[in-house]
Amino acid sequence: MIIREKLMALLLIAASSLSAAPTPEQRLSDLEKSVASARLAGDNAWMLVSAALVLMMTGPGLALFYGGLVRRKNVLSTMMHSFILMAVVTIIWAVIGYSLAFGEGNPFIGGFQFAGLSGVGGDPNPDYAATIPHQTFMVYQLMFAIITPALISGAFAERMKFSGMLLFTTLWLLVVYLPMAHMVWGKGGLLGAVTGTFKCFDFAGGTVVHITSGVSALVCALYLGKRKGYPHEPIPPHSVVLSTVGACLLWVGWFGFNAGSALAAGPLATSAFVATHFGAAAAALGWLIAEWIVMGKPSMLGAISGCVAGLVAITPASGFVKPFPAIVIGLAAGVVCFLMVTKVKQKFGYDDSLDAFGVHGIGGTLGAILTGVFATRSVNDLWGGKPMGLVDGNPGQILNQVVGVLISWALALVGTFVLLKICDRLTGVRVKTNEEIQGLDLSMHGEEGYHLEA
Amino acid sequence: MIIREKLMALLLIAASSLSAAPTPEQRLSDLEKSVASARLAGDNAWMLVSAALVLMMTGPGLALFYGGLVRRKNVLSTMMHSFILMAVVTIIWAVIGYSLAFGEGNPFIGGFQFAGLSGVGGDPNPDYAATIPHQTFMVYQLMFAIITPALISGAFAERMKFSGMLLFTTLWLLVVYLPMAHMVWGKGGLLGAVTGTFKCFDFAGGTVVHITSGVSALVCALYLGKRKGYPHEPIPPHSVVLSTVGACLLWVGWFGFNAGSALAAGPLATSAFVATHFGAAAAALGWLIAEWIVMGKPSMLGAISGCVAGLVAITPASGFVKPFPAIVIGLAAGVVCFLMVTKVKQKFGYDDSLDAFGVHGIGGTLGAILTGVFATRSVNDLWGGKPMGLVDGNPGQILNQVVGVLISWALALVGTFVLLKICDRLTGVRVKTNEEIQGLDLSMHGEEGYHLEA
Amino acid sequence: MIIREKLMALLLIAASSLSAAPTPEQRLSDLEKSVASARLAGDNAWMLVSAALVLMMTGPGLALFYGGLVRRKNVLSTMMHSFILMAVVTIIWAVIGYSLAFGEGNPFIGGFQFAGLSGVGGDPNPDYAATIPHQTFMVYQLMFAIITPALISGAFAERMKFSGMLLFTTLWLLVVYLPMAHMVWGKGGLLGAVTGTFKCFDFAGGTVVHITSGVSALVCALYLGKRKGYPHEPIPPHSVVLSTVGACLLWVGWFGFNAGSALAAGPLATSAFVATHFGAAAAALGWLIAEWIVMGKPSMLGAISGCVAGLVAITPASGFVKPFPAIVIGLAAGVVCFLMVTKVKQKFGYDDSLDAFGVHGIGGTLGAILTGVFATRSVNDLWGGKPMGLVDGNPGQILNQVVGVLISWALALVGTFVLLKICDRLTGVRVKTNEEIQGLDLSMHGEEGYHLEA
Amino acid sequence: MKKIEAIIQPHKLDDVKDALKAIGIDGMTVTEVRGHGRQKGHKEVYRGQEYMVDLLPKVKFEVIVSAGRESEVVQAITGAARTGAIGDGKIFIYDVADVIRIRNDDRGEMAI
Amino acid sequence: MKKIEAIIQPHKLDDVKDALKAIGIDGMTVTEVRGHGRQKGHKEVYRGQEYMVDLLPKVKFEVIVSAGRESEVVQAITGAARTGAIGDGKIFIYDVADVIRIRNDDRGEMAI
Amino acid sequence: MKKIEAIIQPHKLDDVKDALKAIGIDGMTVTEVRGHGRQKGHKEVYRGQEYMVDLLPKVKFEVIVSAGRESEVVQAITGAARTGAIGDGKIFIYDVADVIRIRNDDRGEMAI
Ligand SMILES: Nc1ncnc2c1ncn2[C@@H]1O[C@H](COP(=O)(O)OP(=O)(O)O)[C@@H](O)[C@H]1O
Ligand SMILES: Nc1ncnc2c1ncn2[C@@H]1O[C@H](COP(=O)(O)OP(=O)(O)O)[C@@H](O)[C@H]1O
Ligand SMILES: Nc1ncnc2c1ncn2[C@@H]1O[C@H](COP(=O)(O)OP(=O)(O)O)[C@@H](O)[C@H]1O
């Protein structure tokens, strides 16, 4: 590897010594090229790190966050949901997924242009990002496609059959995720922020990632039914310690998710980084204080749940809002998701095991709408000086956001229900009662999370 | 988000095709702008990563390191100390903290110029860092303000009331941290390395971060008194495994802390990276060998304590010293902090639960003084060719360093004592005996760290 | 630290205002310098992050992966193997290691040119990497030298004496690692891809890191003999949860390992990043499916073992192959290592505690040879347009690869055996039976991994 | 006085506890144990290394009652813990010589 | 011979152990258990889901002694474990039929 | 019926279990305990804070058998658990008043 750099260096030296004196024109055009490479190096450095951070959100981040929340006997099966998607989604993405999301197609789905990653190389694709290799964009987007179905697993943890889970998430990626990603981010997509029919702002995936996964989670929870014993038997998290570690890694990784969505390392990335951090902080406080008042004690689980709710809600807004609106969005998300999870869920009585709907579905919806309120051209002037959100003087944007929300809800509701029906037929989706009692680690995977005997 | 990049690309293409042939002058000034953006991209990529790394030091790094060292019944309350500061300090920082530290004020404290982050945007602030957005500098410094009070929590772990802890750390940030940060790093600060009255070298926070937190920790330990049962009952760490993971994450994150303090991705960052790594390695060995000789066995807890001690001591020096002096500083820190924690503490009998004073207070003081010994212009020529540290031919620098040390000790001692008195009045600072026996996880937060029953 | 940047900014401002109008020639040469700095910033940002990621692979990555696989009573001693090497190797590297690997010497070993890091400063060394500080290259390579002996510890876990382990790994670094690194990557090395006698492709360490460690692991397993009770008593992992976290961190960190080996943040880094990710994903699936078919259940331990096997096998190939060949290499590694570990090992009956040989030795060998099959100039045109691997039209490359494999096997086999003999004499290498029964945490280190009593 | 010691399936813990409380038994001590009996264990496989786990997680209840309540307690436990499948567990009964309440030195039946 | 089984508060473990050693009792076995009695449990809340934990952590001491030392041992334990608050725990006493030392087949009192 | 309670070294667990199965004893319950006896504990040191761990990990076997099998079981256990070193452990034997199989209300010897 190092040899290559050496050669280049030699060439450079050679060039500068041999060609006695390059003309200024020569020097100018050399400079233009090398400044483009330099820019690419900076932006690409940031985007490769961002891609790594987003992968880290799924594994170990989400795997720990969810793994800690289940009972000891289901910890591995829950971590497996996250981990195996790191593998499965990757292969789908390479074969067809990237193309269906980001290839040129119709407003609803991409074409086959990039199938098998053909045409996805080291040169930038200016349709998406002019200063990083197209492959970087592809692999960065892959990391989003991995975490989205993994988020759903919070709703079916502790009771879904492994084969059913594999089939379901594969189909779900094709039927729900890829179209939604194309509509919002793909070239010519229906909801594109600049050229779409409904110009919807979704910087890093409020609709594409969180609404789709959160709403699908609700459908899964309802379809699969409650875990045995829920809610009359206590099902406490087996390790809030692990979940706390997971939440911290999610927080850190989310910088790659949101600030990385600037697709470059310029001031917009910084702005999104700051909004993300502020949103998370405010939401952790929001949930904690609400809990302290309502339940009497502020808990670690509350604080980490809040931070995740804030990160979810700030996701669509992160590249469009200033720091203090980010704090407002975070606070709102912390309080609303707290009420959702502790009050509304109890009332309706569905068993969303790890609150994927309460946090991602509700937080994502709230964030998508508040993006319409707080988006401002002074942060990200997408429309060449025209006002963007309500505070910017464009109240109509809220409607656009609602359209985006409705489409993602509808697609997730219908898609997930139909797919569960199909999977139920083909592989079954729920484990047998005795398998559930024994725990999925043993019944599905033949192993245990811990052997702590001396 | 991607649309924006696309537009830019289109514009670029348009520009290059329409304007048939830009003049060389035009091309030159375009180049000057784009090379500045390229430079910013590279430096900003590094600084955003560094900010993320420093956040990771607090959560999950420090949360794990400290969480593993306490008893099982206090693990969540201890992790909470770190986690909640990620939220609380962020809000204070946005409202007023950043301004008081880095706004222009008097030599002791900053002004209100940046209150509410006004004027802190995407353009660089050349007072601090000419090649990254001002917001990047702001959020990077925020991460330092988060971890510093979190470090203190090592002294009051297992017995401080949660409400008292929140009040105390909030006040402490305002009264101790912000003035100290301003004096050392703020524009016009008393101890500034170039323009200060006492020109003190503190590259990444030996005085600002480690002495303030470590000395305050001692005051907390003395004020709160011993944990019930200490020292006659054994209070072993409930999981050295978790602490080891935390220490490793601290080590990795510290690259963001020290090498990030170069505020750019050039050779100085590399030099600080190398010094940091070498210091940590040498100190881990120093402590381990000292322990092997004195106690008879080399322990994992010793090795990780050593590495943290080394990281602390190298912090002020990291951007000023060469690799081998870094090894010397690390070795010294490992051995001295080992003696401090195992011998001196036992002798005086105070209960610094997790040795925040022994490691951060002592290690920070040692590092600050050794920085005066080993700082050299060949690493970081701050003074335009004039000798810097003792080895460089400027023995007087040691005095400057001592002044910095004394001021930080004094501020921390007095400030912390007064604030504890106030908090004791307002909220109380120590839990009741039965709450302490039950464990703070249950008594303060109503939850448990682990539910391991099958 | 910030002051320095400030000064620079002032100078810049001064320069632009005072010197009324710089000549175009002046501006051109200024630009040439600043574009080089900008490029360096981007590449250095990526390489510092990569160095941090590779350190994170060892601690906490490998420490967790291996630590989870042993019994509770040996968890700390196993994590210690990884951790202490972070310290020991660093010191050796600074004193002499870097020089012996990368100094100019003979085809087998480097010289003393860089001993004590003399001449290793902030300027690039174009022999290795023209756009990053030489120190960055040095510290990045150090991280490889740390993880390699740590990998071997998987074979002697749960039964090696700590003093013996320290002596053995120190000698091993000198006798096996440094020569191998020099032969493959050092200036003038025997196996150098461009100028070597046998032009062997090893992008990120298939031979240097994985074959040497994996084969040495086998020798250790055979020399030390089986753990007491193996194989008739069950020795299940005490926490597959920890191992899963470790595997995820290895996956994430490996981006620094492989994509970092491009030594710059350009398209080649991206290409290696993609190949790495695809290889890991395919191998996780390969192992899982093989296990599902052969053993009846797909396990978490299987999935993570598979991903590591894939990462190992893709290592030498990552900078030379396209995405789909990366998938093929991953799949092959997953299936082959599965068979190796579950079938072949059982048959021969040696006790490679954590399968360091089965995964790194076999996976590394497979990867090295498949690199000869799939390497292509369209990814990395090392030979100025000449075909590289079999698919590129150069079947002879497979022979070159085999030579590299044989040399690394031979060096590891002989070197390790001789060194173990020596260490056995000097310090002893295996603990006493009662120490093994008690567990190495207590007998070697006087501490326990967990104290979970309420 | 009698000690009634019941080994039951872990997932029946809450049911048995509630059944005891329902008949007014408030004092009980519970221990996590592992048991071997007629119930077949399960196979675990780690990297191809199979092994039979034939000590399965169980929960042990210990209840000390006055001799007169013995059968009532036994019935409450069997009623709550029975599924009819192998592995439901067993109850062992022992004589108790004396009981002392630590708090106030109450003795015998009074201390139960 | 008698078995003295004491259920105590976990934080009294060291005190009780030391009290026993002080009167020359060296053989003892300790188990982590959970107990329910008059002591009220505590509430834990996870994401709004409240539940009462009414099995609290306790520690069980088992000490086998010759019949003659029974009351002395009981006194040592009550002395060390008593706080006077509900939840202090109980002591149960049983007859022991025989004792064997595994190491050397010592039997009965000799084996204690 | 008799209860045979053996406290053994943890690493002898499998040997003892196999020895019992070998003589046809299938019912047994195992608990992780900590024990203090003649065996010296070990020292642990955390940041210079030394402390003696004198409660060492042990494993407790409980086997209820018909009175006739008592000595056979004791022999099986001592045979498998003995190393001859201090710390090998002890066996305590108690009378059992009754046994009930939860699954089907079998009583007494039948239920063992
Ligand atoms: N003779 C015995 N001695 C001690 N414990 C026993 C004995 N028989 C059964 N047990 C305990 O009871 C549990 C259930 O026994 P098992 O034979 O599996 O159930 P069942 O009697 O319902 O068929 C066992 O796992 C073991 O803990
Ligand atoms: N009848 C009983 N049978 C078995 N265990 C008991 C019984 N009564 C009390 N215990 C044990 O003793 C512990 C203390 O009992 P509790 O009633 O709370 O204390 P106190 O007797 O001091 O009021 C309980 O948690 C339980 O473990
Ligand atoms: N009198 C006793 N009462 C309760 N448990 C005992 C008694 N004596 C020994 N034990 C248990 O047996 C274990 C082994 O006893 P120890 O005296 O160390 O071994 P040995 O009898 O082989 O010398 C102890 O750790 C303890 O758990």
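Residue numbers (our numbering), protein chains in the order written: chain Z, 1 to 454; chain X, 1001 to 1454; chain W, 2001 to 2454; chain F, 3001 to 3112; chain V, 4001 to 4112; chain A, 5001 to 5112. Cβ atoms here follow ideal geometry from the backbone N, Cα and C, with glycine treated the same way. Owing to the predicted nature of the structure, the values given are computational and were not obtained by experimental measurement.
- Secondary structure remark: continuous alpha helix (DSSP H) runs of at least 4 residues inside the region 1163–1214 of chain X, in chain order: 1178–1185.
- Identification of chain A residues near residue 1299 (chain X) by a Cβ-Cβ cut-off of 7 Å yields 5045, ordered along the chain.
- Excluding the 5 residues flanking it on each side, residue 1240 (chain X) has same chain C-beta neighbours closer than 7 Å at 1068, 1300, 1301, in chain order.
- In terms of Cβ geometry, residue 247 (chain Z) and residue 65 (chain Z) form a close pair [threshold 8 Å].
- In this structure, the beta-carbon distance from residue 4060 (chain V) to residue 3097 (chain F) does not fall below 8 Å.
- Among the residues facing chain V, residue 5094 (chain A) is included, as its CB has a counterpart in that chain under 8 Å away.
- Shown here for residue 2196 (chain W): same chain residues with a beta carbon closer than 7 Å to its own, the five before and five after excluded, namely 2189, 2190 in chain order.
- For residue 5083 (chain A), the CB stays at least 7 Å from every heavy atom of ligand 3.
- In this structure, the CA atom of residue 2127 (chain W) is about 9 Å from the CA atom of residue 2186 (chain W).
- Look at residue 4108 (chain V): its beta carbon is at least 7 Å from all of the heavy atoms in ligand 3.
- Not one beta carbon of chain V lies nearer than 8 Å to the beta carbon of residue 5041 (chain A).
- Ligand 3 approaches residue 4028 (chain V) closely enough that one of its heavy atoms is under 7 Å from the residue's Cβ.
- With contacts defined as CB atoms closer than 8 Å, residue 3078 (chain F) and residue 4031 (chain V) fail to qualify as a contacting pair.
- In this structure, ligand 3 has a non-hydrogen atom nearer than 7 Å to the beta-carbon of residue 5088 (chain A).
- Residues of the same chain with their beta carbon placed closer than 8 Å to that of residue 2233 (chain W) are lacking, with the five preceding and five following residues left out of the count.
- When DSSP states are grouped into helix, strand and coil, residue 2321 (chain W) belongs to the coil group.
- Residues of chain X with a Cβ closer than 7 Å to the Cβ of residue 2447 (chain W) are, in chain order, 1240, 1299, 1300, 1301.
- Neighbours of residue 3058 (chain F) in chain V, taken as residues whose beta carbon is under 7 Å from its own, are absent, since the nearest beta carbon is some 14 Å off.
- Under DSSP, residue 5094 (chain A) forms a beta bridge with A:5003.
- The Cβ atoms of residue 1333 (chain X) and residue 1317 (chain X) lie no closer than 8 Å to each other.
- According to DSSP, residue 80 (chain Z) shares a beta bridge with no other residue.
- Those residues of the region 1271–1285 of chain X placed with their C-beta closer than 9 Å to a C-beta in chain W are 1271, 1272, 1273, 1274, 1277, 1278, 1280, 1281, 1282, 1283, 1284, 1285, ordered along the chain.
- At a beta-carbon threshold of 9 Å, none of the residues of chain X lie near residue 4036 (chain V); the nearest stands roughly 15 Å away.
- In this structure, DSSP gives residue 5032 (chain A) an extended state, which the three-state scheme calls strand.
- As a beta-bridge residue in DSSP terms, residue 4089 (chain V) pairs with V:4008.
- The DSSP-derived three-state label of residue 2113 (chain W) is coil.
- For the region 348–359 of chain Z, the set of residues with a beta-carbon nearer than 8 Å to any beta-carbon of chain V comprises 355, in chain order.
- Below 8 Å, enough C-beta pairs join the region 2034–2044 of chain W and the region 2131–2148 of chain W to call them touching: three or more.
- Cβ proximity to chain W below 7 Å picks out 5011, 5014 from the region 5009–5025 of chain A.
- At least one heavy atom of ligand 3 is found less than 7 Å from the C-beta of residue 5058 (chain A).
- Shown here, residue 4049 (chain V) sits in a strand according to DSSP, grouped into three states.
- When secondary structure is reduced to three states using DSSP, residue 1388 (chain X) falls in the coil class, being assigned neither helix nor strand.
- Boundaries for residue 1304 (chain X): no beta strand (DSSP E) harbours it, while the alpha helix (DSSP H) harbouring it runs 1300–1314, taken from the DSSP string.
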